[in-house]
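Encoded as structure tokens, the structure appears first; notes follow it.
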Amino acid sequence: MKEDNNRSSNNESKWSNAQRILRKRWVLPAVYLVAAAGILSSVFYFQGQNLGTPLEQEGTEEPTNDFQLGFDPTDEEAVPVQSTTEVVALPTLDDSKAEIIGHFYDESASAEEQQASLVYYSNTYRMNKGVDFGATSEEGFDVIASLSGKVTKATQDSTLGNVVEVTHDDGFKTHYSSLATLSVEEGDTVNQGDKLGAAGRNVYNEQAGVHVHFEIRDSEGEALNPEDFFGEKLEQAKDSEDAEAEAEKETPAPEQGKDEDADKENADKEDDKEDADKSKDSDDNATDQDQSGLVPSESSNT
1148 MKEDNNRSSN
1158 NESKWSNAQR
1168 ILRKRWVLPA
1178 VYLVAAAGIL
1188 SSVFYFQGQN
1198 LGTPLEQEGT
1208 EEPTNDFQLG
1218 FDPTDEEAVP
1228 VQSTTEVVAL
1238 PTLDDSKAEI
1248 IGHFYDESAS
1258 AEEQQASLVY
1268 YSNTYRMNKG
1278 VDFGATSEEG
1288 FDVIASLSGK
1298 VTKATQDSTL
1308 GNVVEVTHDD
1318 GFKTHYSSLA
1328 TLSVEEGDTV
1338 NQGDKLGAAG
1348 RNVYNEQAGV
1358 HVHFEIRDSE
1368 GEALNPEDFF
1378 GEKLEQAKDS
1388 EDAEAEAEKE
1398 TPAPEQGKDE
1408 DADKENADKE
1418 DDKEDADKSK
1428 DSDDNATDQD
1438 QSGLVPSESS
1448 NT
């Protein structure tokens, strides 16, 4: 009985001590912090078990084919808009019976060449903005894509005939008109050498007969001479053309006022020369009158 009383007294003493500790303000926050630290440690531990390949082993495995550079697993038949290795080709097959019959109008060409590059339509001579390939026989010929790209226009025009426009990298475009038939539709992707249609006739250039009109235009819509680009990469040829144009711009122009001064000086010299000639003629006439004995009549002075 005495031992039971002692045990009960000890329990009551321990409980009293615990109550005194819990009454202190810092106890409960400390307990919460310890519990939170334990929970976070457990979370980090279990996440670390699922990290996978150690850092020192990263990058040692070869990538799968589905993620190689440039490969699109959702479009296996995709083709580049324009291959960087492509050079501008003729819009006709090598064995086709076609030849150049109309040249690009070049402002720096001779007068004869410029005259040959005019197209007569609607009682007006117009500058040719491309190159015309004419058929050497009545059979005609197929028209092919000069470069790979996307067909952004494939339509029929009452004046130009069937027209195809293909857009390439950097906004360059190639135009094909006077087609008798179309083999592509707007939105199609074409490779270099794909058939676009067949050459035909149009109202705009009736004198050319069966032909195809071919143009190259830059991103700003400026017409370029296709003959300067055949066999060349489009970007490289354009860069070379831009460099030449820039060099012409950098040629120093005459200082303003110098030409005017020179012209004025030449005009003064001409005036002095004319005055001298008039004075000489007057002296010669006077000499002739003196020698002949003729004098002005008195009536002329009244």
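FYI, the numbering for the sequence shown is 1148 to 1449, going by my numbering.
C-beta atoms are modelled at their ideal positions from N, C-alpha and C, and glycine is treated no differently.
Bear in mind that the values here come from a model prediction, so they are computed numbers and not experimental data.
Scanning Ala1346, Gly1185, Glu1233 and Glu1374 for the CA closest to the CA of Glu1285 turns up Ala1346.
By the neighbour-count definition (other C-beta atoms within 10 Å, threshold 16), Thr1239 is a buried residue. Partner residues in the beta bridge of Thr1239, as assigned by DSSP, are Val1290.
8 Å or more divides the Cβ of Ser1293 from the Cβ of Thr1328.
Between Asp1304 and Ala1355, the C-beta spacing is not below 8 Å.
For the options Glu1254, Ala1256, Val1350 and Asp1341, the alpha carbon positioned closest to that of Asn1270 is the one of Val1350. A Cβ-Cβ separation of about 5 Å places Gly1296 in contact with Thr1314 under the 8 Å criterion. Contact check for His1360 and Gly1277: beta-carbon distance about 5 Å, within the 8 Å limit, so the pair qualifies. Under the three-pair Cβ rule at 8 Å, the segment 1323 to 1337 does not count as touching the segment 1248 to 1262. Taken through DSSP and simplified to helix, strand or coil, Ser1255 comes out as coil. In the same chain as Glu1333, and ignoring 5 residues on each side of it, the C-beta atoms closer than 8 Å to its own belong to Val1298, Thr1299, Lys1300, Ala1301 and Thr1302, in chain order. Excluding sequence positions up to five before and after Ser1366, its CB lies within less than 7 Å of the CB of Asp1317, Gly1318 and Phe1319, all in the same chain and listed in chain order. Assignment of Asp1304 by DSSP, reduced to helix, strand and coil, places it in the strand class. The beta carbon of Val1310 sits closer than 8 Å to the beta carbons of Lys1300, Ala1301, Thr1302, Gln1303, Asp1304, His1322, Tyr1323, Ser1324 and Leu1326 from its chain, once the five residues preceding and following it are set aside; these are given in chain order.
DSSP places Gly1368 in no beta strand (DSSP E); its state is neither H nor E. Asn1372 places its beta carbon 8 Å or farther from that of Asp1242.
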